[in-house]
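Enquirer: Protein chains in written order, with the numbering used here: chain A, 1 to 114; chain B, 115 to 202.
Mind having a look at this structure? Questions to follow.
And the structure:
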């Protein structure tokens, strides 16, 4: 039982690190702010929740209580923060990526609320 | 398991540095706020893993407070930048 828990915690740590790395690579590689937001909002929250689950498997009473609180709070607030950021980007008329073809000729055809 | 957690801690510090570089060199203000938000999330993961490796729970208190503060800060900065005011 102990060994199974340890292996599961290790696998969760590796998975969480992988997803967090993808999220951080996302903010470097994505072409505009909106795609960066969708890369990190999902990736970072999922990676942290995997790490918290690993700590939960390896921990005892107080650790489990706090780990559940952190995981629940992150799962609730990550979409809210991403929505607020995307809304701020849209209201401040951030340029939107339209694909490789139109990138050469920026037409500025995006219609915002002003 | 201990070696794995040590490697994971080092790797998280590398990710933290990558986020910090992105905060400095962001293309726009929203991208900068997003990079700061990601940096706080990576820091929460670092605290959680450190707490698991030491077997103590008080680092998780710091992680929880950091999660709350990071969320409120991101929300306030995004709302202020997008609409010019915080409320209403």
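We treat Cβ as the ideally placed atom computed from N, Cα and C, and that holds for glycine.
Are residue 173 (chain B) and residue 161 (chain B) touching if we call contact CB-CB under 8 angstroms?
Expert: The answer is yes: Cβ separation under 8 angstroms.
Enquirer: Can you find a CB in chain A that lies within less than 8 angstroms of the CB of residue 200 (chain B)?
Expert: Not an interface residue.
Enquirer: Terminal residues of the continuous alpha helix (DSSP H) containing residue 194 (chain B)?
Expert: Residues 172–197.
Enquirer: Using a cut-off of 7 angstroms between C-beta atoms, extract the partners of residue 54 (chain A) located in chain B.
Expert: By Cβ distance, chain B contributes 166.
Enquirer: With distances taken between CB atoms, is the gap from residue 139 (chain A) to residue 122 (chain B) smaller than 8 angstroms?
Expert: Nothing can be reported for residue 139 (chain A), as the shown portion of chain A is limited to 1 through 114.
Enquirer: Measure the CB-CB distance between residue 185 (chain B) and residue 77 (chain A) and report whether it falls below 8 angstroms.
Expert: A contact, by the Cβ cut-off of 8 angstroms.
Enquirer: Could you give the DSSP three-state label for residue 120 (chain B): helix, strand or coil?
Expert: Residue state, collapsed to three classes: helix.
Enquirer: Determine, for residue 62 (chain A), whether the minimum Cβ-Cβ distance to residues of chain B falls below 8 angstroms.
Expert: Chain B, which has a Cβ nearer than 8 angstroms to the Cβ of residue 62 (chain A), makes this yes.
Enquirer: Quick one: what does DSSP say residue 29 (chain A) is sitting in, helix, strand or coil?
Expert: In the structure shown, residue 29 (chain A) sits in a helix (DSSP, three-state: H, G or I).
Enquirer: Could you tell me which of A:99, A:96, A:12, A:100 sits nearest to residue 166 (chain B), measuring between CA atoms?
Expert: Of the candidates A:99, A:96, A:12, A:100, the one whose C-alpha sits nearest the C-alpha of residue 166 (chain B) is A:12.
Enquirer: Under DSSP, the alpha helix (DSSP H) around residue 61 (chain A) begins and ends at which residues?
Expert: Looking at the DSSP string, the run of the alpha helix (DSSP H) that includes residue 61 (chain A) is 61–91.
Enquirer: Whole angstroms is fine: what's the gap from residue 6 (chain A)'s alpha carbon to residue 64 (chain A)'s?
Expert: Distance between the alpha carbons of residue 6 (chain A) and residue 64 (chain A) is about 15 angstroms.
Enquirer: If the criterion is Cβ atoms closer than 8 angstroms, does the pair residue 85 (chain A) and residue 148 (chain B) meet it?
Expert: Cβ distance < 8 angstroms, so residue 85 (chain A) and residue 148 (chain B) count as in contact.
Enquirer: Can you check which of these residues, B:141, B:154, B:200, is closest to residue 178 (chain B) by C-alpha distance?
Expert: Residue B:154 is the option with its Cα nearest to residue 178 (chain B).
Enquirer: For residue 114 (chain A), count neighbouring C-beta atoms within 10 Å of its own C-beta (all shown protein chains included) and say buried if the count is 16 or more, exposed if not.
Expert: Residue placement at residue 114 (chain A) is flagged as unreliable, the pLDDT there being 46, under the threshold of 50; a coordinate-derived value is accordingly withheld.
Enquirer: Mark residue 128 (chain B) as exposed unless 16 or more other C-beta atoms lie within 10 angstroms of its C-beta, in which case mark it buried.
Expert: Flag for residue 128 (chain B) reads exposed.
Enquirer: Is residue 2 (chain A) close to chain B? Criterion is C-beta to C-beta, closer than 8 angstroms.
Expert: Residue 2 (chain A) does not count as touching chain B.
Enquirer: Within a Cβ cutoff of 7 angstroms, which residues of the same chain sit near residue 192 (chain B), ignoring the five residues on either side of it in sequence?
Expert: Same-chain partners within the cutoff: 147.
Enquirer: Judging by CA-CA distance, which residue of B:194, B:159, B:180 is the nearest neighbour of residue 119 (chain B)?
Expert: Per the Cα distances, B:159.
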